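**Student:** Next up is a structure, given as structure tokens.
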Amino acid sequence: MNSIVRSTVRCLRSRTWYYGAVQSNAVLNSGWARLMCSSAVQKNLEEMVKRDKVVVFMKGTPAQPMCGFSNAVVQILRMHGVGIYAAYNVLEDQDLRQGIKTFSNWPTIPQVFFNGEFVGGCDILLQMHQSGDLVEELQKLGIRSALLDREKEA
Amino acid sequence: MLSSALRCLRPSCFSLAFSRQLLHHQPHMEHSGSRPVETTIRTKLTQALEPEHLEVLNESHMHAVPPGSESHFRVLVVSPQFESLSLLQRHRLVNEALKEELSTCVHALAIQAKTPQQWSSNPSLAKSPPCLGGSKHDNTMAEKLKAGQD
Numbered sequence: 001m002n003s004i005v006r007s008t009v010r011c012l013r014s015r016t017w018y019y020g021a022v023q024s025n026a027v028l029n030s031g032w033a034r035l036m037c038s039s040a041v042q043k044n045l046e047e048m049v050k051r052d053k054v055v056v057f058m059k060g061t062p063a064q065p066m067c068g069f070s071n072a073v074v075q076i077l078r079m080h081g082v083g084i085y086a087a088y089n090v091l092e093d094q095d096l097r098q099g100i101k102t103f104s105n106w107p108t109i110p111q112v113f114f115n116g117e118f119v120g121g122c123d124i125l126l127q128m129h130q131s132g133d134l135v136e137e138l139q140k141l142g143i144r145s146a147l148l149d150r151e152k153e154a
Numbered sequence: 001m002l003s004s005a006l007r008c009l010r011p012s013c014f015s016l017a018f019s020r021q022l023l024h025h026q027p028h029m030e031h032s033g034s035r036p037v038e039t040t041i042r043t044k045l046t047q048a049l050e051p052e053h054l055e056v057l058n059e060s061h062m063h064a065v066p067p068g069s070e071s072h073f074r075v076l077v078v079s080p081q082f083e084s085l086s087l088l089q090r091h092r093l094v095n096e097a098l099k100e101e102l103s104t105c106v107h108a109l110a111i112q113a114k115t116p117q118q119w120s121s122n123p124s125l126a127k128s129p130p131c132l133g134g135s136k137h138d139n140t141m142a143e144k145l146k147a148g149q150d
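As structure tokens, then:
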């Protein structure tokens, strides 16, 4: 209950809203404050990427991705059982879209952050998944990959 | 049956859906007049990374853009310069080489960056996921497509 109150307060303060707690476990932030200057955007992004363990900047939403590469990231996270993460839809705001590219010095979307650190895009996440590195990286975040349990069952 | 379904969820099965084996290599045919962006990408990656093997694929036809577009690419770069570099560092090198294109006409760039040893042990080209029509809803696409034609 307390975490819900804290989240709501944070929503009202930062003018973002959380969506989809009922429809999906992924937490979606939107309603990006539009009047920020670029340095304020960068500062805000710094806070945003650190606010949650797993943060994804994508096209569309986890429930309805609007790009195949963004969808691949969503599917990989889902496969590993990462049910709670912050997902920001860059199609909703061009300032956010450009801001995150400048922030991470990375030209494309999607972008994935673990504990505030930029991991990469879809290609890197896919390769991490294929190599087994993703299971390890999630472990460092305190997230147990669902694939470990499936291997046990098999 | 359940156990075989669960096996399909393992990384090896997932990777099969996203890769195909290269059966043979074909030399790239130069058509710089009709494919200027592809040619530029090939030239810049060759100069920057001195690859032992390079593939540049225009995947624009897989996306919601007009026929003949040069907006979505997949590159496979095999270079000894990638030795001891992390995936992120390798991809940043590729991004840096194509900085100008990525800030103008190239909307999407899928990257595979391998060392020669990695390539010889697994010579497979990954496959891009199906488009979900994002470019249709992207009002910056018109500018990017025009930049590619200029």
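As you go down the protein sequences, you meet chains A and B in turn. Here the first sequence stands for residues 1 to 154, where the numbers follow UniProt numbering. Here the second sequence stands for residues 1 to 150, where the numbers follow UniProt numbering. C-beta atoms are modelled at their ideal positions from N, C-alpha and C, and glycine is treated no differently. Model, not experiment: these values are computed from the prediction.
So the candidates are B:Gln47, B:Leu88, B:Leu54 and B:Asn58; which of them puts its Cα closest to the Cα of Glu38 of chain B?
**Tutor:** Taking only the C-alpha atoms, the option nearest Glu38 of chain B is B:Asn58.
**Student:** Can you list, in chain order, the residues of its chain whose CB lies under 8 Å from that of His91 of chain B, leaving out five sequence neighbours each side?
**Tutor:** Excluding sequence neighbours, His91 of chain B sits near Ile111 and Ala113.
**Student:** Identify each residue in the region 105-125 of chain B for which the Cβ-Cβ distance to at least one residue of chain A is less than 9 Å, and report them in chain order.
**Tutor:** Within the region 105-125 of chain B, the residues whose Cβ lies closer than 9 Å to some Cβ of chain A are Val106, His107, Ala108, Leu109, Ala110, Ile111, Gln112 and Ala113, listed in chain order.
**Student:** Are the region 52-60 of chain A and the region 94-111 of chain B touching by the rule of at least three beta carbon pairs closer than 8 Å?
**Tutor:** Taking 8 Å as the limit for Cβ pairs, the verdict is that the region 94-111 of chain B does not touch the region 52-60 of chain A.
**Student:** Under the three-state reduction of DSSP, which class applies to Ala113 of chain B: helix, strand or coil?
**Tutor:** Of the three classes helix, strand and coil, the one that applies to Ala113 of chain B here is strand, per DSSP.
**Student:** Along the region 92-106 of chain B, where does the CB come closer than 9 Å to a CB of chain A? Name the residues.
**Tutor:** The residues in question are Arg92, Asn95, Leu98, Lys99, Leu102, Ser103 and Val106.
**Student:** Determine, using beta carbons only, whether Ser79 of chain B and Glu50 of chain B come nearer to each other than 9 Å.
**Tutor:** Yes, the Cβ-Cβ distance between Ser79 of chain B and Glu50 of chain B is below 9 Å.
**Student:** Measure the Cβ-Cβ separation of Val41 of chain A and Asp123 of chain A and say whether it is below 9 Å.
**Tutor:** No, the Cβ-Cβ distance between Val41 of chain A and Asp123 of chain A is not below 9 Å.
**Student:** Using a Cβ cut-off of 7 Å, pull out every chain A residue sitting near Pro129 of chain B, in sequence order please.
**Tutor:** The contacting residues are Gly68, Phe69, Asn71 and Ala72.
**Student:** Once you ignore the five residues that flank Thr108 of chain A on each side, which residues in its own chain have a CB closer than 7 Å to its CB?
**Tutor:** Same-chain partners within the cutoff: Gly121.
**Student:** Suppose only complete runs of 4+ residues qualify. What are the alpha helix (DSSP H) ranges in the region 51-124 of chain B, listed by chain order?
**Tutor:** 87-97, 99-103 and 116-121, all fully within the region 51-124 of chain B.
**Student:** Compare the beta carbon distance of Val90 of chain A and Ile100 of chain A with 9 Å and say whether it is the shorter of the two.
**Tutor:** Against a cut-off of 9 Å, the Cβ pair of Ile100 of chain A and Val90 of chain A comes out as a contact.
**Student:** Take Leu148 of chain A as the anchor and find which of A:His80, A:Ser104 and A:Pro110 has the nearest alpha-carbon.
**Tutor:** Cα-wise, what sits closest to Leu148 of chain A is A:His80.
**Student:** Identify every residue that forms a DSSP beta bridge with Gln111 of chain A.
**Tutor:** Answer by DSSP bridge pairing, in chain order: A:Phe57.
**Student:** State the Cα-Cα distance for the pair Asn44 of chain A and Ser120 of chain B, rounded to the nearest angstrom.
**Tutor:** Approximately 44 Å between the Cα atoms of the pair.
**Student:** For Thr140 of chain B, decide whether its Cβ has a neighbour in chain A, counting only Cβ atoms nearer than 9 Å.
**Tutor:** Yes, its Cβ sits closer than 9 Å to a Cβ of chain A.
**Student:** In the structure shown, what three-state DSSP assignment does Gly120 of chain A receive?
**Tutor:** Strand at Gly120 of chain A.
**Student:** Can you give me the Cβ contacts of Gln81 of chain B inside the same chain, cut-off strictly under 6 Å, excluding the 5 residues immediately before and after it?
**Tutor:** Cβ neighbours of Gln81 of chain B beyond the five flanking positions: Leu49.
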